[in-house]
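In UniProt numbering, the protein residues as written are 1 to 503. Structure, as structure tokens:
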């Protein structure tokens, strides 16, 4: 092969520019042929990205424009073209104007035929510029995407830190809440257990109370029992009956005495002072005042009869366990009941009281209410009314109890009423035990249990009792187990003292 042939082959290998489907051939001196001759490349032309990445460099040779006058428009240096023998072509310059970029434009080299050691300048083409612009756009887009990615990364990283912190705080809050929940659960469990125990205890007490109530209904006929307020109300009515009976008898007796002895106006005018003091005994202060003055006769008889009648009812009825049992038998039965009362509950002791009283009813068989009331009136007249009138006026007649015997009727009514009330507190008082209260001159005034009768001017802080005008009433409730019974005062006793104004 000649030198000319070798140079021609070298020039063809190094100077062919492939753009799309068009090949530009340069002669050995770098001059262009008569015109651009299109031809079909044996292989497809690589894209610009493939050229940049190194793929397809063996198949791409830049072209050189023949319009030297238009080369001042743009210069693009490309160092990615290589010869077929692997030698790099560097610093290819693409020059040209827009009207030279068509495929029909003339192409000429502005450089001599390249050698392996010399740079090769390439003129620009529309396809190459398009690829270059695309590369720039992709590069700008990549930079934008990178910047957005960096911003997103920073935002996501910050959000991750915040989320992690919130998660830690939430975890701490959950732990605290679980701790409080455990504490409250334990406290609730403890309280619930204590409440359950209390409920169980109350249920047990309720069952016992129901059993006692049922037992009491069986033995006491609780359906017939009376409430404490009913018993107190009946007692107050009894006191009024006593006062009315004594006032009626004293008025009738005073009228009768004044007919026979008009000068007998005061208690000191009585015919037998000694008999009066013996009869009144601890109420002898009724006869004269501390200064020795006498009392008006009618008032003296009224208060003396009240004192005597209350004392008789107390001794012959209220202090007895049963009105038909007296003496030693009554004492033993009373002591037996008091012993049971101190050791048992109120319900149990009431059961015993009722059973004992009912048994005595069957055992004595001495008559009922009217029999006892009639006998009581006879005894009271014989031991109180008649001696009082004889001591005052020296004689006695039945007319002194009113001509129509209204006095006897009034006394009988009081006796019947007292007997009924006493039987009620023995048989029909399950909740409490009731006791009438009687005082004499052995006692001093106590405002908790006593009431000064009408007009009084006490001469001392605790004056001595002169006479009892009206009974008091208390109730007790047994607590059992030897404990002291609960006491309640329902009615204070009405008393006279030396401070009472008789005028």
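Beta carbons are placed, not taken as given, at the ideal position from N, Cα and C, and that holds for glycine.
Taking the Cα of residue 317 as reference, the smallest distance to any Cα among 419, 494 and 300 is reached at 419.
In this chain, residue 477 is not harboured by any alpha helix (DSSP H); it is covered by the beta strand (DSSP E) spanning 472-477. If you ignore the 5 residues before and after residue 490, its C-beta comes within less than 7 Å of the C-beta of 232, 473, 474 and 475, all in its own chain and listed in chain order. Cβ-Cβ separation between residue 345 and residue 478: approximately 6 Å, consistent with a contact (criterion under 8 Å).
A Cβ-Cβ distance of about 6 Å is found for the pair residue 442 and residue 282, placing them in contact under the 8 Å criterion. By the Cβ rule, the segment 345-354 does not count as touching the segment 373-389, because fewer than three pairs are nearer than 8 Å. Contact annotation: the segment 266-275 touches the segment 293-303, with at least three C-beta pairs closer than 8 Å. Taking C-beta separations shorter than 8 Å and ignoring five residues to either side along the sequence, the partners of residue 247 in its chain run 302, following chain order. In this structure, the straight-line span from the alpha carbon of residue 165 to that of residue 171 is close to 10 Å.
The segment 332-415 contains, as complete alpha helix (DSSP H) runs of 4+ residues, the segments 346-364, 369-380 and 386-393 (chain order). For residue 294, the beta-bridge partners assigned by DSSP are 288. Judged by their CB atoms, residue 250 and residue 391 are not nearer to each other than the 8 Å cut-off.
Around the beta carbon of residue 184, fewer than 16 other beta carbons sit within 10 angstroms, so the residue counts as exposed. The C-alpha of residue 336 lies about 41 Å from the C-alpha of residue 287. Residue 320 and residue 433 have their C-alpha atoms spaced approximately 14 Å apart. The alpha carbon of residue 339 has as its nearest neighbour, out of 375, 483 and 450, the alpha carbon of 483.
Between residue 285 and residue 467, the beta carbon gap of about 7 Å places them in contact (Cβ cut-off 8 Å). Listed in chain order, the non-local C-beta contacts of residue 380 below 7 Å within the same chain comprise 309, 312 and 411, local neighbours out to five positions each way being set aside. Here residue 487 carries a strand assignment [DSSP, helix/strand/coil]. A direct Cα-to-Cα measurement between residue 257 and residue 314 gives close to 29 Å. Counting along the chain, no alpha helix (DSSP H) covers residue 493; the unbroken beta strand (DSSP E) around it starts and ends at 493-496. In the structure shown, the three-state DSSP call for residue 500 is strand. In the three-state reduction of the DSSP assignment, residue 467 falls in the strand class. Close CB contacts of residue 463 within its chain, under the 8 Å cut and outside five residues either way in sequence, are with 444, 445, 497, 498 and 499 (chain order).
Under the three-state reduction of DSSP output, residue 263 falls in the coil class, being neither helix nor strand. Residue environment: residue 439 is assigned as buried (16 or more neighbouring CB atoms within 10 Å of its CB, all protein chains considered). Between residue 407 and residue 401, the CB-CB gap stays under 8 Å.
Proximity to residue 368 across 353, 354, 488 and 422 peaks at 422, based on C-alpha coordinates.
Going by DSSP, residue 279 is part of the alpha helix (DSSP H) stretching over 273-280.
Going by C-alpha positions, residue 451 is about 15 Å away from residue 460. In this structure, 480 is the residue among 157, 480 and 245 with its C-alpha nearest to the C-alpha of residue 349.
A direct Cα-Cα distance of roughly 32 Å separates residue 126 from residue 148.
Here residue 440 carries a coil assignment [DSSP, helix/strand/coil]. Following the DSSP letters along the chain, one finds residue 451 inside the beta strand (DSSP E) bounded by residues 450-452.
Here the alpha carbon of residue 154 sits roughly 53 Å from the alpha carbon of residue 190.
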